[in-house]
Amino acid sequence: MMRNMLKATVFATTMALAAGTFYTPAFAETVYNRGSAAEAETVDPHKTSTVYEADIIRDLFQGLVMHDQKTNLIPGAAESWTVSDDGTVYTFKLRKDGLWSDGTPVTADDFVYSFRRLEDPATAAEYASMLYPVKNAEEVNTKKGKPEDMGVKAIDANTLEVTLKAPTPYFLEMLTHQATYPVNKASIDKLGADWIKAGNLVSNGAYTLAEWVPNDHMKLVKNPKFWDAATVKMDVVNYIPTEDRSSAMKRFEAGELDSYGDLPTEQLADLKTKFGDQVRVGPYLGTYYYAIKTDKAPWDNVELRNAISMAIDRDFLAEKVWQNSMLPGYSMVPPGIAGYTPAMAKYADMPQIDREDAAKKILEKLGYTPEHPLKMEIRYNTSENHKNTAVAIQEQLKPLGVDITLLNTDTKTHYSFLEQKGNYDVARAAWIADYKDPETFLGITRKASGNNYSSYVSPAYEAAMDKAAAAGGKPEERMKDLTEAERILVDDVGNIPLLYYSFHDIVSSKLHGFDDNVMDIHPSRFISKD
Amino acid sequence: MLRYVLRRLLTAIPTLFVIVTMAFFLMRVAPGGPFNQERGLSPEIKANLEAQFGLDDPLWLQFVHYLGNLLRGNFGPSYNMPDFTVTELFAKGLPISVQLGASALVLALLLGSVLGTIAALNQNKLGDYTVIALATAGSTIPTFVIAPVIQLLFGLTWKLLPIGGWGDGAFINKVGPALTLALPQIAIVARLMRGSMIESLRSHHIRTARALGLSDWSVVVKHALRGAILPIVSFTGPAAAALLTGSVIVETIFSIPGVGRYFVDAALNRDYTLVMGTVVVIAIFTIVFNLIVDVMYAVVDPRVRYD
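Sequences listed follow chains A and B, in order.
For the first sequence, the numbering used here assigns the number 1 to the initial residue and increments by one for each residue that follows.
For the second sequence, the numbering used here assigns the number 1001 to the initial residue and increments by one for each residue that follows.
Shown next as structure tokens:
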């Protein structure tokens, strides 16, 4: 009996000690609970399409170059690079200590494979155009060329050579985009479609994917094989989609979230009072604009377009409708790109009252008065703020003899209609920078662009954009050419820029390294927590 | 009874076929497609995407393919979340919605029945008025008001519950959403129960039971309840189908990874396969629960026979 009791006691003690050893971590893990406004659609860099997965993919993978926490361009998987004198050949030296999370080295062949995969029509990459500056990339993607003919070549295991069609000064900036990141060929060959699953995914970034429960959380754990793992502070990063923004604020207050990237702008003033410096609002590279049908009467009249644009009180929109979470916008390219001066509308500095008088005169000259109003329809996609913006504009233009009707449809219907160049007058649209260069904003209004919802066609603008492209090797000259091109676009009122976006984050004071920047990108690699 | 159940299950097949067919073609009538977005795609890239998902085939052929896959239990890939198939999304989300829905349903049936019975037994007295007032409030205050109030009180002020998240299914994470889901249902059940219990208490056989000197407990629980429960049974069918397949509002506000959110998100995103998957799941739940209700009718009320 006694013996049995003794045995039981020893057994129980051993079990308790074992359990204790198991449950007590050797060190306390640093966990960053990172809120986002929507679920990521994919973590495959070549299938990416939303900003919500951009941060995640940036944590999991590493491109040739990358942004630091202030969006300065810094080396990534490549430790250095050279550019040929004519600006068309980039030679990247990959870092020798670059490893995949399974311990195998990241080689130039991985990039060759990945660049080809991005352009392969079978991949159906939405961001295939990110590598269109590469020789024959577009041809491959549009089934007019073979992958072997693409301008990407492994000179040796650590040297990658990329040949461009023409000098493209923003090419390195483009390479910071997650679509250009490498994927692991061996695991794709081995696992097929399952290569992307949590637990399977082999990546070369600071983190690996441990769990993904859609609409609940995505758990990233520190990658010990990452070449710079020693400087990575967070052991675990949980990406937590919280669609309901009011709930997100409560979760932040309760300490369930350390940061959230889309605070409810209608509560901005209250939130600032409540959370102080933890609320961060600042310039973000995005433009909110109205596309205007320039190829349809009466909107083909530049004077009329100008009168409408001039009469809109953007200060009111920014301050009252958007609660200062946006800034008044008078150019297509928002401020914040180093070396570039946006071309503002000429009336930008005119007092609003004078603008309205001038607009009224033009409208009267064209025969539009409150008695004989100009009929105009504004289409917008579903959102309380888009609706309020349109209603405010409706009220602003009414006294000038503009009779505005509003038409709201869901996002898919809205953009499908715009894409098909439907019969509309004015339609809400926006553009957020893919990379830090004016070209990303100006390219969308070019004749051939699928995003040219205004159907704006101007030989002068095309010529100016071509001139800027040709000046690729001379950055200063190119920026000047781009400003000239924008001047033509703005004077022609090719579309009506209304507002510049702002980032509006809420960030716990315990977090460090979450620095404000115009791209609103915050790699977890640089973030630490008290 | 078995023959009846089998017959009902067999007739469900054409019903499902009609539902699937209608949903398939109605989705395609809606303007816009899965790849229309703020950032327009070039025609070539859009064509690549459509080819990848077979959307470049004629519509009838897509339908035939879809039916073929469905018969093999393959709901297809999600267009909007290409890392997952629709089956994988349901495998992760449905058990969560079912857990929450079942908790809410049990809570609603138990609490609602008790409250309704209390109200009926105290007709036109304080107890009755209190239950009616609570029931009216419960059924009229919308879920999107109840949920934030629960978050605010229980989560932020008293710090008893988490504000949101599933927490890998921790009990504490289920309380708020289950309560929010249950409250309106409790109110409905209480009102239904009150009405049917009053009616039952006034029936001849109850009067006879009382005259025979049976105790109040025996009269109410053994005799009146059996008759009074029938409207609750018929309410349970559609309520179960609705609760178990998730609630968009509750799941969104509490950040619960159930399937309720897919119903609306998938439709707005024109994620055709995910929409079809949700339609099929709801249809199956509705058919099955209506069948269960009919069978339960026969169990509760001996006058009902299906043979």
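Yeah, the Cβ is synthetic: ideal placement off N, Cα and C, and Gly gets one too.
Using a 10 angstroms sphere on the CB of residue 1037(B), the tally of other CB atoms reaches 16 or more, which defines it as buried. Apart from sequence neighbours up to five positions away, the residues of its chain that approach residue 478(A) with a beta-carbon distance below 7 Å are 169, 468, 471 and 472, ordered along the chain. Contact of residue 450(A) with chain B is assigned, a C-beta pair being separated by under 8 Å.
Separation of residue 401(A) and residue 429(A) (C-alpha to C-alpha, rounded to the nearest whole angstrom) is 24 Å.
Taking the CA atoms as reference points, residue 337(A) sits about 31 Å from residue 240(A). The alpha carbon of residue 59(A) has as its nearest neighbour, out of 210(A), 465(A) and 266(A), the alpha carbon of 210(A). In the DSSP assignment, residue 357(A) falls outside any beta strand (DSSP E) and within the unbroken alpha helix (DSSP H) covering 352-365. It is roughly 13 Å from the alpha-carbon of residue 105(A) to the alpha-carbon of residue 159(A). What residue 240(A) touches in chain B, judged by beta-carbon distance under 9 Å, is 1164, 1165 and 1255, going in chain order. Secondary structure at residue 78(A): strand, using DSSP grouped into helix, strand and coil. Out of 1124(B), 1097(B), 1081(B) and 1024(B), the CA that lies nearest to the CA of residue 1064(B) is found in 1024(B). When C-beta distances to chain B are compared with 9 Å, the residues of the region 125-146 of chain A below that value are 125, 126, 127, 128, 129, 138, 141, 142 and 143, in chain order. If you check the CB distance, residue 182(A) and residue 110(A) come in under 8 Å. Contacts between residue 1042(B) and chain A, judged by CB atoms closer than 8 Å, involve 129 and 450 in chain order. Around the beta carbon of residue 1202(B), fewer than 16 other beta carbons lie within 10 angstroms, which makes this residue exposed.
Short of 6 Å from the beta carbon of residue 1107(B), and not among the five residues preceding or following it, lie these beta carbons of its own chain, in chain order: 1182. Of all alpha-carbon atoms in 35(A), 425(A), 28(A) and 30(A), the one lying nearest the alpha-carbon of residue 507(A) is that of 35(A). Taking a contact as a CB-CB distance under 8 Å, the pair residue 527(A) and residue 207(A) does not count as one, their CB atoms being some 12 Å apart. Within the region 1082-1105 of chain B, the residues whose Cβ lies closer than 8 Å to some Cβ of chain A are 1082, 1083, 1084, 1089, 1092 and 1093, listed in chain order.
Here DSSP, grouped into helix, strand and coil, assigns residue 328(A) to strand. For residue 227(A), no alpha helix (DSSP H) segment is defined, and its DSSP state is neither H nor E.
Taking residue 1282(B) as the centre and dropping the five residues before and after it, the same chain places the C-beta of 1245 closer than 6 Å to its C-beta, in chain order.
Looking at the DSSP output, residue 259(A) shares a beta bridge with 34(A) and 507(A). If you draw a 10 Å sphere on the C-beta of residue 395(A), you find fewer than 16 other C-beta atoms in it, and that means exposed.
Closer than 8 Å to the CB of residue 1048(B) there is at least one CB belonging to chain A.
The beta carbon of residue 502(A) sits closer than 7 Å to the beta carbons of 281, 282, 283, 284, 325, 326 and 327 from its chain, once the five residues preceding and following it are set aside; these are given in chain order.
Bounds of the alpha helix (DSSP H) holding residue 185(A) are 185-191. At least 8 Å separates the CB of residue 116(A) from every CB of chain B. Straight-line measurement puts the Cα of residue 1006(B) at about 14 Å from the Cα of residue 1290(B).
Residue 315(A) sits in a helix when the DSSP states are folded into three classes.
Per DSSP, reduced to three states, the secondary structure at residue 282(A) is strand. Chain A places a beta carbon closer than 8 Å to that of residue 1156(B), counting this residue as a contact.
Scanning 204(A), 331(A) and 448(A) for the CA closest to the CA of residue 1043(B) turns up 448(A). From the listed residues 124(A), 73(A), 69(A) and 80(A), the smallest Cα separation to residue 45(A) is found for 124(A). For residue 439(A), no Cβ of chain B is located within less than 8 Å of the residue's own Cβ.
Using beta-carbon distances, residue 1202(B) does not count as an interface residue toward chain A, since no partner is under 8 Å.
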